[in-house]
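Notes follow once the structure below has been shown.
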């Protein structure tokens, strides 16, 4: 019986000694706070986009017009390098349907990381009505899918969830 009690006390002492060492490896509260951001997508007018920063990366929030949504759905059957439907591109992280009028994606070309132009930023928006990367000529459609050029993948969709109404939590 004394051996069981001694073993229990030793295990408890080891846990108390190890806890601060293990806990110091967790990220600090300020670091965890940067891991996600909230943004009210209703601030973006239809047919325009805004660029916000998340984890040091630019993110496009595009309020698509009905014509852009229709074009995105029409292009679902096109010959795509990285096949994804328009619906998959607007799906929330929990696999629930998102809001098709809002497209949220990282604003880095998947070729070499340049920031594509498009939307209301430039007059030329590529051959497919979406975004154009001026560095090496990648063209993306209205759903951010790669259609032409050296980029191997679609513009990346960050993890996000709608937390209520038009507020989205990215990260």
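In the working numbering, the protein residues as written are 203 to 373. The beta-carbon is built from N, C-alpha and C at its ideal position, and this holds for glycine as well.
- Under the DSSP assignment, residue 268 falls outside any beta strand (DSSP E), being part of the alpha helix (DSSP H) whose first and last residues are 268-276.
- Here the alpha carbon of residue 328 sits roughly 25 Å from the alpha carbon of residue 245.
- If you ignore the 5 residues before and after residue 249, its C-beta comes within less than 6 Å of the C-beta of 267, all in its own chain and listed in chain order.
- Here the C-alpha atom of residue 373 lies approximately 24 Å from the C-alpha atom of residue 320.
- In the displayed model, residue 244 falls within a helix according to three-state DSSP.
- Beyond the five residues adjoining it in sequence on each side, residue 284 comes within less than 8 Å, by CB distance, of 347, 348, 354, 355, 356 in the same chain, given in chain order.
- Distances from the CA of residue 261 to each of 287, 286, 240 were compared; the closest alpha carbon is that of 240.
- In the displayed model, residue 350 falls within a strand according to three-state DSSP.
- Cβ contact annotation for residue 336 (same chain, cutoff 7 Å, sequence separation greater than five): 319, in chain order.
- Annotated as proximal: residue 300 and residue 364, with beta-carbon spacing under 9 Å.
- Only buried fits residue 370, as 16 or more other CB atoms lie within 10 angstroms of its CB.
- Taking a 10 Å sphere around the C-beta of residue 265, we find 16 or more other C-beta atoms and assign the residue as buried.
- In chain order, 295 place their CB closer than 6 Å to the CB of residue 361, counting only its own chain and leaving out the 5 sequence neighbours on each side.
- Within the segment 278-331, the complete beta strand (DSSP E) segments at least 3 residues long are 304-308, listed from N- to C-terminus.
- For residue 238, the closest alpha carbon among the candidates 252, 220, 257 is that of 257.
- With 16 or more other CB atoms across the displayed protein chains lying within 10 angstroms of its CB, residue 305 is buried.
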